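Asker:
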Amino acid sequence: MQQDKTARKRPHQAAAQAPDLLETTLRFAGINMPWIFFTLWLLYGMVPVLLLAALINHMITRLEMRT
Numbered sequence: 138m139q140q141d142k143t144a145r146k147r148p149h150q151a152a153a154q155a156p157d158l159l160e161t162t163l164r165f166a167g168i169n170m171p172w173i174f175f176t177l178w179l180l181y182g183m184v185p186v187l188l189l190a191a192l193i194n195h196m197i198t199r200l201e202m203r204t
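When you read off a place in the sequence shown, starting at 1, and then add 137, the result is the number in the numbering used here.
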């Protein structure tokens with residue numbers, strides 16, 4: 138009887154952790170950056186692309202300092 142109670146608790150403990158999706162999110166963003174930059178360049182010119190790149194660089198630096 139005691140073994141049945143411990144066997145029931147194990148699946149619940151394993152399901153408590155969520156997967157880390159940071160690497161997947163960063164890869165997805167990295168794949169999409171070239172076409173986003175190219176579209177902005179075609180529509181508005183190079184200045185908004187450079188401003189967006191500087192903003193993204195600043196945000197990455199802030200994330201790096203935080204961790």
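A virtual CB, placed ideally from N, CA and C, is assigned to each residue, including glycine. Bear in mind that the values here come from a model prediction, so they are computed numbers and not experimental data.
Thinking L177 and P185 are a contact (beta carbons under 8 Å), I'd like their distance in whole angstroms, please.
Answerer: Confirmed, Cβ separation roughly 5 Å.
Asker: Need the endpoints of the alpha helix (DSSP H) that T198 sits in, please.
Answerer: Element bounds for T198: 183-203.
Asker: If you drop the 5 nearest sequence neighbours on each side, which residues of the same chain put their C-beta closer than 8 Å to that of L174?
Answerer: A quick correction: the sequence has Phe, not Leu, at residue 174. The residues are V186, L189, A190.
Asker: Under three-state DSSP, which class holds L158?
Answerer: The answer is coil: DSSP assigns L158 none of H, G, I, E or B.
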